[in-house]
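Line by line, the protein sequences are chains A and B. Per our numbering, the first sequence starts with residue 1, numbered consecutively. Per our numbering, the second sequence starts with residue 1001, numbered consecutively. Notes follow once the structure below has been shown.
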Amino acid sequence: MSSSVVNAAPTAAGHCLCGAVRYRVFAPLKPVSACHCSQCRRQHGALGSYSGGLPVESVIIDGTEHLRWYQSSASARRGFCGECGSKLFWQAMDQRTIDIAAGSLDQPTGLRLARHIFVADKGDYYEIADDLPRFAGSNSG
Amino acid sequence: MSQIRQLPTHGRGRCLCGAIRFEINGPMRDVVVCHCGQCRRQHGAPPGYTQAAWEHIRFEGEEALTWYRSSEKARRGFCRICGSSLFWEPIGTGRVSIAAGSLDTPTGLKTVRHIFVADKGDYYEIHDDADQLSGSMLTASRA
């Protein structure tokens, strides 16, 4: 990353619950997707909600010695804090982009929820009550 | 409503990688979604929790369970291998809240309440008709 970018003000920042892992974002964040897939549900203990597709070079992470990656499928890995268990990142294995867990962002985020994905895998203990677009699988088809 | 519905008395759950598995053999509470800043950070999203008595829970793979003391009164349990959020324990009560997402489906549970909605994140709205409390259930019961 060029020094001019590092010296610019971040567009967003976030951290885990204990503060061991912190990050700054130097690119516009995208609207949030709520993911109802069973992998997100198990790992978050909740829905996943991510602002996705950030160029990997636009996210600077401090405290990476506390960041653990779990390879959750052949195509993706999930990053969490080894100290407090906070869910922070989802990343496709080509590692060109990174998705940020919306709950880890400092408030206010200025973001909005835009869609629900993998609703075919939704848990039975809640309903989707808003009128946002819903996709049975990923929103890419 | 929830008062006359038969609540589940048995459930199974596990973390994403399967290192930690547990079984509940006792009454389970309906799901309460917490919008507090601590839950949002740790789960990366607002979590829904059921609750049960510790004495009704049996484990496999408990050695992978890591506890983080998130406040004077409570600790949070997660899997050290895959990072799954599993438990929130109010220390010394004999009870434990279990992240509903960790349960095998169907759970037979319903979301009945939202708590700490005053601390809600700005990137989503609450659209369902479950009860909403600005703080905790304890605070509300004293009001």
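Backbone N, C-alpha and C fix where the C-beta goes; we use that ideal spot for every residue, glycine too.
Chain A contact residues for Asp-1128 of chain B, given Cβ-Cβ distances below 8 angstroms: Against chain A, a Cβ distance below 8 angstroms from Asp-1128 of chain B picks out Tyr-126, Glu-127 and Ala-129.
Here's the rule I'm using: 16 or more other beta-carbon atoms within 10 Å means buried, otherwise exposed. How should Glu-1089 of chain B be labelled? The residue is buried, with at least 16 neighbouring Cβ atoms inside 10 Å.
Contacting residues, own chain, Cβ-Cβ under 7 angstroms from Ser-86 of chain A (five flanking each side not counted): Here the set comprises Cys-16, Leu-17, Phe-80 and Ser-104.
Neighbour-count burial assignment, His-36 of chain A, 16 or more Cβ in a 10 Å radius: Looking at its Cβ environment, which holds 16 or more other Cβ atoms inside 10 Å, His-36 of chain A is buried.
Can you say whether Pro-1046 of chain B is buried or exposed, counting buried as having 16 or more other CB atoms within 10 angstroms of its CB? It counts as buried.
Run down chain B in chain order and give the residues with a C-beta less than 7 angstroms from the C-beta of Phe-80 of chain A. Ordered by position in chain B, the residues that pass the 7 angstroms Cβ test against Phe-80 of chain A are Gly-1083.
Can you tell me the Cα-Cα spacing of Gly-1048 of chain B and Glu-57 of chain A, whole angstroms? Approximately 34 angstroms between the Cα atoms of the pair.
Which value, in whole angstroms, describes the spacing of the CA atoms of Ser-4 of chain A and Tyr-23 of chain A? Note that Ser-4 of chain A scores a pLDDT of 49, beneath 50, so its modelled location is shaky; the value from the coordinates is reported in the next line. In a straight line, the C-alpha of Ser-4 of chain A is about 18 angstroms away from that of Tyr-23 of chain A.
So Leu-1133 of chain B and Ile-1115 of chain B are in contact, right, with Cβ under 8 angstroms, and what is the actual spacing, rounded? Sure, about 5 angstroms apart at Cβ, within 8 angstroms.
How big is the Cα-Cα spacing for Arg-1012 of chain B and Arg-68 of chain A? Using only the alpha carbons, I get a separation of about 26 angstroms.
Residue ranges of each beta strand (DSSP E) run of no fewer than 3 residues wholly in the segment 1070-1096 of chain B, ordered along the chain? The qualifying runs are 1074-1079 and 1085-1090.
Compile a chain-ordered list of the residues in the segment 1027-1059 of chain B whose CB is closer than 7 angstroms to at least one CB of chain A. Close to chain A, meaning a Cβ-Cβ distance shorter than 7 angstroms, are the following residues of the segment 1027-1059 of chain B: Val-1031, Gln-1038, Arg-1040, Arg-1041, Gln-1042, His-1043, Gly-1044, Ala-1045, Pro-1046, Pro-1047 and Gly-1048.
Tell me the DSSP secondary structure of Asp-1131 of chain B in three-state form. Of the three classes helix, strand and coil, the one that applies to Asp-1131 of chain B here is strand, per DSSP.
Do you know offhand how far Arg-1142 of chain B's Cα is from Pro-28 of chain A's? Confidence in Arg-1142 of chain B is poor, its pLDDT being 38 and thus under 50, which makes the residue's placement unreliable; the coordinate value appears in the next sentence. Just so you know, the alpha carbons of Arg-1142 of chain B and Pro-28 of chain A end up roughly 44 angstroms apart.
Which residues DSSP lists as bridging Leu-71 of chain A, in chain order: Note on residue identity: the sequence assigns Gln, not Leu, to residue 71 of chain A. As computed with DSSP, Gln-71 of chain A is found in a beta bridge with A:Arg-77.
Please state the DSSP three-state secondary structure of Gly-1147 of chain B. Residue 1147 of chain B lies beyond the range of chain B shown here (1001 to 1143); nothing can be said about it.
Per DSSP, what are the beta-bridge partners of Leu-105 of chain A in this structure? Looking at the DSSP output, Leu-105 of chain A sits in a beta bridge with A:Gly-14.
Excluding five sequence neighbours on each side, which residues of the same chain lie with their C-beta closer than 7 angstroms to the C-beta of His-1010 of chain B? If we look at His-1010 of chain B and ignore the five residues flanking it on each side, its Cβ neighbours are Ile-1024 and Asn-1025.
Beta strand (DSSP E) segment containing Arg-1058 of chain B, residue limits: It spans 1057-1060 - the beta strand (DSSP E) in which Arg-1058 of chain B sits, taken as one unbroken run.
Are Lys-1120 of chain B and Val-1031 of chain B close, meaning C-beta to C-beta below 8 angstroms? In terms of Cβ geometry, Lys-1120 of chain B and Val-1031 of chain B do not form a close pair [threshold 8 angstroms].
When Cβ atoms are compared, which residues of the segment 82-104 of chain A fall closer than 8 angstroms to chain B? Within the segment 82-104 of chain A, Gly-82, Glu-83, Cys-84, Gly-85, Ser-86, Lys-87, Leu-88, Ala-101, Ala-102, Gly-103 and Ser-104 place their CB atoms closer than 8 angstroms to a CB of chain B, listed in sequence order.
Looking at the unbroken alpha helix (DSSP H) that takes in Gly-1037 of chain B, where does it start and where does it end? In the DSSP annotation of this structure, the continuous segment of the alpha helix (DSSP H) that includes Gly-1037 of chain B starts and ends at 1037-1043.
Residues of chain B with CB closer than 9 angstroms to the CB of Gly-48 of chain A, please, in chain order. Residues of chain B passing the Cβ test: Gly-1044 and Ala-1045.
Figure out for me which residue from A:Arg-112, A:Gly-110, A:Asp-130 and A:Thr-109 has the closest Cα to the Cα of Val-119 of chain A. Across the set A:Arg-112, A:Gly-110, A:Asp-130 and A:Thr-109, the C-alpha of A:Asp-130 shows the shortest separation from the C-alpha of Val-119 of chain A.
Straight-line CA distance for Gly-123 of chain A to Ala-20 of chain A? The straight-line gap from Cα to Cα measures roughly 31 angstroms.
Grab me the residues of Gly-52 of chain A's own chain with a C-beta within less than 7 angstroms of its C-beta, minus the 5 sequence neighbours each way, in chain order. If we look at Gly-52 of chain A and ignore the five residues flanking it on each side, its Cβ neighbours are Lys-30, Ser-33 and Asp-99.
Measuring alpha carbon to alpha carbon, tell me which of A:Ser-73, A:Trp-90, A:Ala-76 and A:Gly-82 ends up nearest Gly-63 of chain A. It is A:Gly-82.
At the 8 angstroms Cβ level, is Ala-1100 of chain B part of the contact set with chain A, yes or no? Cβ-Cβ to chain A under 8 angstroms: yes for Ala-1100 of chain B.
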